[in-house]
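Chains as they are written, first to last, in the numbering used here: chain B, 3 to 163; chain Z, 3 to 163; chain S, 3 to 163; chain A, 3 to 163.
One structure is given here, and the rest of the page talks about it.
4 protein chains.
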Amino acid sequence: MPLAGITAVRRLCTAARQYPHTVQLQTRWNDNDAFGHVNNVFYYAFMDDAVNAHLIASGVQQTRFVAESSCRYLAPLQYPQPVEVGMGVTRLGRSSVSYAIGIYSHPANAIAGGPTSGGRELCATGTFVHVYVDGAGRPTPMAECTRAALEAIRMDDGSDA
Amino acid sequence: MPLAGITAVRRLCTAARQYPHTVQLQTRWNDNDAFGHVNNVFYYAFMDDAVNAHLIASGVQQTRFVAESSCRYLAPLQYPQPVEVGMGVTRLGRSSVSYAIGIYSHPANAIAGGPTSGGRELCATGTFVHVYVDGAGRPTPMAECTRAALEAIRMDDGSDA
Amino acid sequence: MPLAGITAVRRLCTAARQYPHTVQLQTRWNDNDAFGHVNNVFYYAFMDDAVNAHLIASGVQQTRFVAESSCRYLAPLQYPQPVEVGMGVTRLGRSSVSYAIGIYSHPANAIAGGPTSGGRELCATGTFVHVYVDGAGRPTPMAECTRAALEAIRMDDGSDA
Amino acid sequence: MPLAGITAVRRLCTAARQYPHTVQLQTRWNDNDAFGHVNNVFYYAFMDDAVNAHLIASGVQQTRFVAESSCRYLAPLQYPQPVEVGMGVTRLGRSSVSYAIGIYSHPANAIAGGPTSGGRELCATGTFVHVYVDGAGRPTPMAECTRAALEAIRMDDGSDA
């Protein structure tokens, strides 16, 4: 479970960031751990889902491996809150791509009707790096279609998270 | 699934690191994802397990939140490989603690008899930060017992991973 | 992963069943196992989520334990397919309740726009038994509010699945 | 989380059962749910792991699908308890096989040194059915090697769980 309370400053700084693409995800009953909050590990499942959902929806089938990931936990999540994942590409190389990711909660009850338009809170920020590989697991240039899908969600500032 | 192949240099650099404490963990059948490798998310479950196992075994019951974590993926893992997690404390503050973590595979078959003494390979390095909190989720100084457990696995170099 | 192919008859028999309540759930990238299908274990996560979502949405806070569960796998699911879980109460005792559950896939892509109204397929049927307990874990009569929530989704035929 | 308390009779009846094969498994920190017990869903992960570990250790590579599974929860498990899974084949058909499974806890702390020889408690009993399939997902006869692996753990009484 993430840290609550001391990170107001950090949260304000990052809340202003605009993510070019968002994905709506559900939490699950057993995401919650013994402390009644979504276990820290599942934040990475949210990132993994959001990144792969965008690639699949864009028709990308090229094999990729995760090279790095990171997460800063700002506020706790709790089932049945829905999650909104904001994401954008911060660096687009020949075979690798870096994402900045923001994980938001909504005050609305997930079951009653899903995310509301207002009042979302930034609960975590993350980074995620994919490397595209060939059949032997060696880095290989991205296909046109892959690159186009990633260019489409490039972040304005271009800075790393 | 993690990146295979290009990171030989990084792996050699980190392989020499000595972790003061190790924990033996199992992989599970459904840790493997559609690519037949342990999904990247579960590396954080290994870190979470290793850190909490050490705390529980040391008698620590103080509430803590995860503030940050990160992972660099160096080589793929695959069920039924067992995992050895090396860990050490790199920074010990008043209410927070940072760990450096190494995740190793063993060539031996987990089922046949567990880890062998030789031939282990560094598959990932990670960092993990806990903040100890009071009942309201505010950072609070570590108890004596907590601090002692963490001092016991402090890394010699004291540097962050 | 579930059995594909041989169970056409069983599927036809059960597809006609009307579930009084349905819940829409997402699959996740790492629900898929090494065979590229949703791992059999996660069908129980879908049941657990559906049952608990209904209870939480109904305001039920009484502690309950799972006493029994079962699943018959009829057709494979695969991320990113969304899942619709149909459920109804088949037996309502003093402290325990039995559910019949049907897990359906939709041909529509979950990411593109969620479940369509037609073409859903029954992928699994399940049973799930909760026992309401007191603080010591002993069976205790359901509260009025709990009973009302369960009566509301009682199945017409009243038969066990 | 499973039912505690009322099932002493059932537990005594089943505790006497002798399983021809046992597998030692670990629990994980985030197996625990909001009630501080291993979530009911993970009992099926233990079954899945035990069955597949035996098959992999026996050299079986034939594709199989899970057709049915079930679990009766008798007593709660809690991380960091280790788990012992007892298993045996109760029915061996041409293309399908049924297992009876018992999930046991040990009083010993998993971290301190693993399962002790005495004092184990039956926490759940389960059933698990695999169907061996061809490339198109149609039931296909088991290979010699598969059948031999399953014959080796056939239960004396031959009865279904």
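Cβ coordinates follow ideal geometry from the N, Cα and C atoms, glycine included.
In the structure shown, B:R149 adopts helical secondary structure according to DSSP, grouped into three states.
In the structure shown, Z:N34 falls within a strand segment according to DSSP collapsed to helix, strand and coil. Any Cβ of chain S closer than 9 Å to the Cβ of B:I155 would place that residue at the interface, and such an atom is absent. Contact of Z:R30 with chain A by beta-carbon distance below 7 Å involves A47, D51. The C-alpha of A:G104 is placed about 21 Å away from the C-alpha of A:F67.
Rounded to whole angstroms, the gap between the alpha carbons of A:S100 and A:T129 is 7 Å. Taking the beta carbon of S:C73 as reference, the chain A residues within 9 Å of it are Y46, V68, E70, S71, S72, listed in sequence order. For Z:V43, the uninterrupted alpha helix (DSSP H) segment begins and ends at 42-59. Listed along the chain, the chain S residues whose CB falls inside 8 Å of the CB of A:N42 are Y46, D50, V68, S71. By the C-beta criterion, the segment 54-69 of chain A is judged not to be in contact with the segment 48-58 of chain B, since fewer than 3 inter-stretch pairs fall below 8 Å. For A:C125, no pairing in a beta bridge is given by DSSP. Across the set A:W31, A:F44, A:A145, the C-alpha of A:A145 shows the shortest separation from the C-alpha of A:S98. Contact of B:A126 with chain A by beta-carbon distance below 8 Å is absent, the smallest such distance being about 16 Å. In this structure, the CA atom of S:R30 is about 33 Å from the CA atom of Z:G90. Check the Cα spacing between A:S60 and each of Z:R149, Z:Y75, Z:P82: the tightest is with Z:P82. In this structure, the alpha-carbon of B:E86 lies about 11 Å from that of B:Y21. S:P141 and A:Y45 have their C-alpha atoms some 22 Å from each other.
Of A:E70, A:C125, A:R93, the smallest CA-CA separation from A:L79 is found for A:C125. Beta bridge pairing from DSSP links S:Q26 with S:E86.
Of the residues assessed, Z:R122 falls on the buried side of the cut-off, its CB having 16 or more other CB atoms within 10 angstroms. When Cβ-Cβ separations below 9 Å define contact, B:A36 makes contact with chain A.
Nearest to B:R19 by alpha-carbon distance, out of B:P143, B:R93, B:S72, B:A102, is B:A102. DSSP, read as helix, strand or coil, puts A:S97 in coil. DSSP, read as helix, strand or coil, puts Z:I103 in strand.
In the three-state reduction of the DSSP assignment, A:T65 falls in the coil class, being assigned neither a helical nor a strand state. Taking the Cα positions, S:R149 is about 31 Å away from B:L27. When DSSP states are grouped into helix, strand and coil, A:R74 belongs to the strand group. Inclusion of B:T127 and B:L76 in the CB contact set at 9 Å is warranted, their separation being smaller than that value. Pairing B:E153 with Z:C73 gives a Cβ-Cβ distance that is not under 9 Å.
The beta carbon of A:P82 sits closer than 9 Å to some beta carbon of chain Z. Looking at the DSSP output, B:R140 bridges to nothing. At least one CB atom of chain S sits nearer than 9 Å to the CB of B:L27. At the C-beta level, S:A36 and Z:D35 come within 9 Å of one another.
Exposure of Z:G95 is indicated by the presence of fewer than 16 other C-beta atoms within 10 angstroms of its C-beta. The DSSP-derived three-state label of A:Y134 is strand.
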